[in-house]
Amino acid sequence: MSAVHVAGVSKIFNEGTPKQVDALVDVNLTVEPGEFVSLIGPSGCGKSTLLRLIANLLEPTTGSVAVNGKTAAQSRLDQDYGMAFQQAGLFDWRSVAKNIELPLELKGWDKDKRAARAKEMLELVKLPEFADLMPWQLSGGMQQRIAIARALAAHPPLLLMDEPFGALDEMTREYMQGELLRICAETKTTVVFVTHSIPEAVYLSNRVVVMSPRPGRITEVINVNLGANRGEDTRAADNFFAGITAVREALRGTHADHANAGAIRGVEDR
Amino acid sequence: MSAVHVAGVSKIFNEGTPKQVDALVDVNLTVEPGEFVSLIGPSGCGKSTLLRLIANLLEPTTGSVAVNGKTAAQSRLDQDYGMAFQQAGLFDWRSVAKNIELPLELKGWDKDKRAARAKEMLELVKLPEFADLMPWQLSGGMQQRIAIARALAAHPPLLLMDEPFGALDEMTREYMQGELLRICAETKTTVVFVTHSIPEAVYLSNRVVVMSPRPGRITEVINVNLGANRGEDTRAADNFFAGITAVREALRGTHADHANAGAIRGVEDR
Amino acid sequence: MTAMNRLRNFLTPLAFGVAFLAFWEGAVKFFELKPYFLAPPTKILSQFVENISRIWDAASVSGMNALVGLIAGTIFGVSVSFLLSRYRALGELITPLAVALNAIPIFVLVAVLNNMYSITSEVPRRIMVSLVVYFIVLVNVAKGLTQVKSTHVELMRSYAASDFAILKKVRIPNAVPYLFTALKISAPAAVITSFVSEYFGGSQNGLGSRITSNIANSKNAAAWAYVLGACLLGLVFYAVSVVLENVASRGSGATNTSNK
Amino acid sequence: GGSSESEETAEPTACETTTPVSLQLQWVTQAQFAGYFAAQDQGFYADQCLDVTIVEGGVDIVPQTQLADGAVDFALSWVPKALASREAGANIVNIAQIFQRSGTLQVSFADAGITSSADFAGKKIGNWGFGNEFEIFAALTMNGIDPATGVELVQQQFDMAGLLAGDIDAAEAMTYNEYAMVLEAINPDTGELYTPEDFNVVSYEDEGVGMLQDAIWADADKLASDAAYRETAVKFVAASIQGWAFCRDNTEACRDIVVAQGSTLGASHQLWQMNEVNKLIWPAGLGAGVIDATAWDRTVSLAMDTKNLEGSTVLTAAPTDGAYTNDIVEEALTILDGLGVDYTGSAFTPIEVTLNEGGN
Amino acid sequence: MKPMLRRAAYRTGMFFVSVALVAVLWELYKVVGPEKGGKLFGAPILPRSNDTAMPHVWEMLSRYAEPEQRSPNSNLIWFVVLKGAFYSFRLALVGFILGSTIGVALAALMSRFKTMERGLLPYLVVSQTVPLIALAPLVVSWGGKVQIFGFTWPRWLSASVLGAFLAFFPIAVGTLRGLKSAPAASLELMESYAASWKQTLFKLKFPAAIPFMVPAFKLGASGAVIGVVVAEISTGLKGGIGRLIIEYARQATADPAKVFTAVFGAAGLGLAMAGLVALADVLLMRNRPKETTT
Ligand SMILES: Nc1ncnc2c1ncn2[C@@H]1O[C@H](COP(=O)(O)OP(=O)(O)OP(=O)(O)O)[C@@H](O)[C@H]1O
Ligand SMILES: Nc1ncnc2c1ncn2[C@@H]1O[C@H](COP(=O)(O)OP(=O)(O)OP(=O)(O)O)[C@@H](O)[C@H]1O
Ligand SMILES: [Mg+2]
Ligand SMILES: [Mg+2]
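Chains as they are written, first to last, in my numbering: chain A, 1060 to 1329; chain B, 1060 to 1329; chain C, 5 to 264; chain D, 3 to 362; chain E, 22 to 315.
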């Protein structure tokens, strides 16, 4: 049973209106348990839309989405996945520990069990001493780690991440990538990961899914297995650079006339 | 006569108070005319501070800064440099052309001359048809190109850029790097460029200046000359990857205990 | 540095205040302004001291009207904004009315309210204050309840959270700073409204009517002693709301939550 | 004076120059001020070579301080209020006491049993504030009732609804205005207008605590130092009294003048008001505008003894000399002699006015 | 632009619907409410439902078509109220402009000199706690007496000044916040151009402040209206809506519906001012990015 199974999915926003957008057309994707899959592609190609479809935050226009062998809707109700976004999206008014406890609270866990799990998650992301601070007292990278802890708190088998490191500086980002790999390996979590960064996609993934816009589709899927024990040296390794080059080539095709792509936002959006 | 000459400069903020920060200590740097120099280093190492010292937006605590053989103050008054930041920082209330005209307006140029120069700059950044749009109607990459046009409008011999492409997605960023190289080559502008991205620094620069924090110093200067005709292929070339690895090595030394670096912002800032 | 700053934050206004009072006193002396026109600060102060117990009584009447109205208006405003956030259609209906009412001088309704209730009771005044507060609170809190980060809502939906859970865990906490901002605006407004509503008749025991009747009787220094009382009352309301706002925003870390 | 001698004979001749004069009223246009509007309308001011601007009042306009500030040349004010301002430094002087009697009433429903001021104790007593409440305090003081505790004082709105709704036991009313308001309202029990029988009326004049009301006040300094101003004052008082005499004899015409001036009160109300105001002025045994020393002294002594809500008296000391003068009005009456105006109105008889609903 | 117009039209429609709803509720209460008022949960907060306290809505509206007085050449009330509201509107506008000028100038001063901000800002807050009713007589007394540049202070100006007194505060505070909102990077940019303080103020700080100033102006506009109406009531200034309110309130003993015509007139006046500011908002912000609301 695959972790994610997207079959013949298309998504059209504002169908039949002048503002119609064909965000996704005939997308097929299967993610196996334990796999790390990245979605990459130019802005507006539908990466986030695809992720939201998997998360059942959107309904596909056509096609079907299955998660862990259930419908997407059922697996959302069952909390089969955790989610993290570009903005850590912590709640300012809750302490770090209470932020991590949020999904558990909603599942109705009792207090002690929640506290224990929060402690465990804080140790996992190596921030045990920050439990009682407020989110705004942490640096961006630490906030993002808390957000990951929150996403994993209920031990979901699947993690959905939408550019989670987009707001971090490159050095922190590389550090976070390492951490994410370690955590996912420890918890054996399947990950679908949206990113704009080629090295990030290559470094993290078993497979990189390259997408193109207008309408959004999958143009290529690149296998880049850098092995289980990635570390700082991997980033200087030849197969890392080879992976980068492969993904870049694949993207180049999708990314033709970049000069004025996505121009004139005002006209497009309203 | 060198374009920038920083000699024995240190900068201490809040000297003598409990909040004292040694942002820069004993920094020496010379940039020759036509050179492209990048500053790279972890957050807080003083990159922006060094750039601001060159721009005379800050006064050094000790040492001296000379630009084009003049004092930094004099060259600011003479508008010897243009400046661009991470956020394009265009004025929402001015059309694209008027944004480019801003520095000329402040210099007291007359209307026709300003309009002519704005037109010229728009052609340089390949956006001639967007003169009358408002900035927010453009995509992020286009906004950043307008910001560069604005920085170059007065034809300054020196361009100071502080993470100008930090907010762009990777694909747009690579495109912008190419554009910047072309423009600087055309206008023979000297550039001091702050970045977080190793590939960016390597791709753009004649020299990469690696800095380390607490206190901020220059730890290494790496020559990475990828030649005048850089293009898409350069990014797949071995000497590009070699440069990246060299800079990463240099940085690794400066970048030890990253896990909880810059933690607990609240305590530090207030 | 900080201690120095704090001192400066305290001394500068003090210096301005002393200079202003000296100027006032000087102007009265120099131009020989008649007492019925403008009393000097020293005389006002001595009147204030002399009448302190009467001023206290009057201030407690007006202050009680303002306080009751403030509390009632806030409770009412918060409850209705909950309804509005729950039933969008209701919001579409009421918000334009609330926005419009914020722009019009509704204090003139006191004349009407006095007839709808007994002129001898404080109820019309309190209702007037409540109305003023209500609309300020409504507009702000409704904004706080609806303008939540989309990431937060999406996150909650990914947890399969109910609408009620979203209200409780996202919308309400998000609206708290807005509520206190509204309080900061409405606290002084409540005091002022309670004075102005004494303008249209009713019991003559509040600061507003004391001020007008003293002015009518050419007892200017006494009138300004009551004005001083009124200022102090307004400042107390304002200060309390600022303190509350700071307490409320300490948890969320946002120092400038004030948002209109 | 000699100069006025020449003018009275040269009645129709055009003035060489006209003197601009402004008069501050206590309230908005109504028949209470009919005499001045009539003097303007009938050209009596013009005859005296005066160009009079009549300035309306408002809730917070204190006419006597407007005068003292030099914003206007003359002001109307009740005597106790003006004396209080005088004590606070406004150097003003009463030059003509137009209303010879107080027109203040305390009106209550007949079944409340308030037939004299002694019955006020423990009741909700309405008043208007703004210095119009001294007679109430005087009556309370006279009866030994503490204004702060012995009664509940309530400030009335601009209307009499508080009385009719039963919120107030006895409401302050001027004979010429608010008393008419209740008589113009529909009695919900009968469906007809209320009648005087429905009410008890306590008149402060009759209670012996009436204080002097509408008087013309002038700037004392200017009067002493500025001969031209003094002359203007004489002419102004003369023409004003002439206006009041006109209104005495032409009640309905004066009503029309006031209505034409833009009063929004109804016509029957204005006629009632005109008639009642006439009763306060006429007959004037000493001559209209002349200040009766007895009434003055009574007003002053009441003002000095009467304690208000705050326990302070209207006046802390007897007014200094020069608070009033009969010199001006006497000169003015001389002018009126020359014009053949009857300024005593000994033959005055009021008319009968029927009030309509809403005063219309 | 088009959808914005549609949105505005929709809101206006909703406004009228809700006003109609309030009218219906009013009449409904008259049917079920106690004649002499009553208590709810022990508090005497139920209003009297009789015709004196709560006239019928149609009574109020029909007044507009009636002459103001019974005299034959009297104007109809709608005309009188409209005229009064327009008169007050002009005063409020003067007050608003005056208040804006002072408020903006103060804000500029405070943004320039930190000492000014430290010293002045607390007193601006204090100034707003001074009851208008205490200031009214003082300001009124300037009428006809104070001379400025050879022209005599007209009485109506006092009303405008009181309007300005309530208007300037939110404008000063909002503008100050706006002036401080200019992004640090933009300020640095101006500094890198060696721009003078004045250039920075007019080319950067003020334009950047506009989004903060517009809501402040909205508050200021309603403050100006309140100030002017209070001042008109206080000084009895003839011609304005405040004066009509007292005059009609005086007639409420016999004609309780009449005063509502003036009350609605005051509401219209407030809305007109708000509309004016909204119009300015649209004009000033037309080239700005539109807010996205969730
Ligand atoms: N709720 C929506 N309503 C209408 N159009 C939408 C909606 N969400 C997304 N779109 C459109 O669908 C397309 C794909 O959007 P999506 O957010 O999935 O892109 P993306 O690949 O995540 O882009 P980015 O890299 O900028 O985040 C875009 O053209 C976008 O404008
Ligand atoms: N105006 C200032 N006052 C006090 N400290 C400052 C100031 N500006 C910078 N600093 C401190 O100086 C140090 C260097 O700051 P700087 O902004 O130059 O770092 P940076 O290398 O540009 O970092 P980043 O990559 O995050 O932009 C930091 O510790 C910072 O907190
Ligand atoms: Mg996206
Ligand atoms: Mg920096």
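In this text, a Cβ means the ideal position worked out from N, Cα and C, and glycines have one as well.
These figures come from a predicted structure and were not determined experimentally.
May I ask whether a heavy atom of ligand 4 can be found less than 8 Å away from the beta carbon of residue i?
i         : result
E:GLU253  : no
B:VAL1253 : yes
A:ASP1191 : no
A:ASP1139 : no
E:GLU209  : no
B:ASP1221 : yes
Take the Cβ of residue i as the centre, count every other Cβ of all protein chains shown within 10 Å, and call the residue buried at 16 or more, exposed below.
i         : result
C:TRP265  : The question about residue 265 of chain C has no answer here: the residues shown for chain C are numbered 5 through 264.
A:SER1134 : buried
B:ASN1073 : exposed
D:ALA226  : exposed
A:LEU1161 : buried
B:ALA1114 : buried
C:SER166  : exposed
B:VAL1068 : buried
E:GLY58   : buried
E:GLY120  : buried
Quick one: does the C-beta of residue i sit closer than 8 Å to a heavy atom of ligand 1?
i         : result
A:GLU1074 : no
C:GLU158  : no
E:PRO175  : no
E:PRO232  : no
A:PRO1272 : yes
A:ASP1085 : no
What is the C-beta distance between residue i and residue j, in whole angstroms, given that I count them as a contact (C-beta under 8 Å)?
i         : j         : result
E:LYS147  : C:LEU239  : The identity of residue 147 of chain E in the sequence shown is Val, whereas the question assumes Lys. Confirmed, about 7 Å.
B:LEU1110 : B:VAL1269 : B:LEU1110 to B:VAL1269, Cβ: 15 Å. No contact.
E:GLY116  : E:ALA29   : In fact, because the Cβ distance is near 26 Å, the residues do not count as touching under 8 Å.
For residue i, go through chain H and note every residue whose CB falls closer than 7 Å to its CB, in chain order.
i         : result
A:GLY1148 : The chain labelled as chain H is not found among the protein chains of the depicted structure, namely A, B, C, D and E.
Any heavy atom of ligand 3 closer than 8 Å to the CB of residue i?
i         : result
A:GLU1259 : no
Discussion item. Can you confirm whether the segment 195 to 213 of chain C touches the segment 16 to 24 of chain C when touching is taken to mean that 3 or more C-beta pairs between the two stretches lie within less than 8 Å?
Written reply: Because the criterion of three Cβ pairs below 8 Å is not met, the segment 16 to 24 of chain C and the segment 195 to 213 of chain C do not touch.
Discussion item. For the structure I just gave you, are there three or more beta carbon pairs, one from the segment 1169 to 1189 of chain B and one from the segment 1112 to 1123 of chain B, closer than 8 Å?
Written reply: no
Fill in: Heavy atoms of ligand 6 versus C-beta positions, residues under 5 Å
Ligand 6 is not among the ligands present in this structure, which contains only ligand 1, ligand 2, ligand 3 and ligand 4.
Worksheet item: Are the segment 76 to 94 of chain D and the segment 67 to 84 of chain C in contact at 8 Å, needing three or more beta carbon pairs?
Response: no
Worksheet item: At which residue ranges does the segment 1199 to 1239 of chain A contain complete alpha helix (DSSP H) runs of 4 or more residues, listed in the order of the chain?
Response: Taken in chain order, the complete alpha helix (DSSP H) segments of 4 residues or longer contained in the segment 1199 to 1239 of chain A are 1199 to 1211.
Worksheet entry | the segment 97 to 104 of chain D / the segment 231 to 251 of chain C touching (three or more Cβ pairs under 8 Å) | no
Item to complete: Within the segment 157 to 219 of chain D, note down every full beta strand (DSSP E) run reaching 3 residues or more, in order along the chain.
Response: 172 to 176 and 201 to 205
Practice prompt. Evaluate contact between the segment 93 to 104 of chain C and the segment 28 to 48 of chain C, counting only Cβ atoms and requiring at least three cross-stretch pairs below 8 Å.
Written response: no
Discussion item. Can you confirm whether the segment 261 to 278 of chain E touches the segment 72 to 89 of chain C when touching is taken to mean that 3 or more C-beta pairs between the two stretches lie within less than 8 Å?
Written reply: no
Practice prompt. Please confirm if the segment 1300 to 1310 of chain A is in contact with the segment 1263 to 1277 of chain A, defined as three or more CB-CB distances below 8 Å between the two stretches.
Written response: yes
Worksheet item: Is the segment 1134 to 1151 of chain B touching the segment 1188 to 1208 of chain B in the sense that three or more CB pairs, one from each, lie closer than 8 Å?
Response: Enough Cβ pairs lie closer than 8 Å, so yes.
Worksheet entry | Cβ contact check for the segment 1240 to 1250 of chain A and the segment 1077 to 1095 of chain A: 3 or more pairs under 8 Å | In short, these stretches touch, since the Cβ pair count reaches three.
Practice prompt. With a floor of 4 residues, list each alpha helix (DSSP H) that falls wholly inside the segment 79 to 118 of chain C, ordered by position along the chain.
Written response: 92 to 107
Discussion item. Taking 8 Å as the cut-off, does the segment 34 to 48 of chain D touch the segment 231 to 250 of chain D (at least 3 CB pairs, one atom from each stretch)?
Written reply: The answer is yes - the segment 34 to 48 of chain D touches the segment 231 to 250 of chain D, with three or more Cβ pairs under 8 Å.
Discussion item. Three or more C-beta pairs under 8 Å: does that hold for the segment 59 to 77 of chain D against the segment 209 to 226 of chain D?
Written reply: yes
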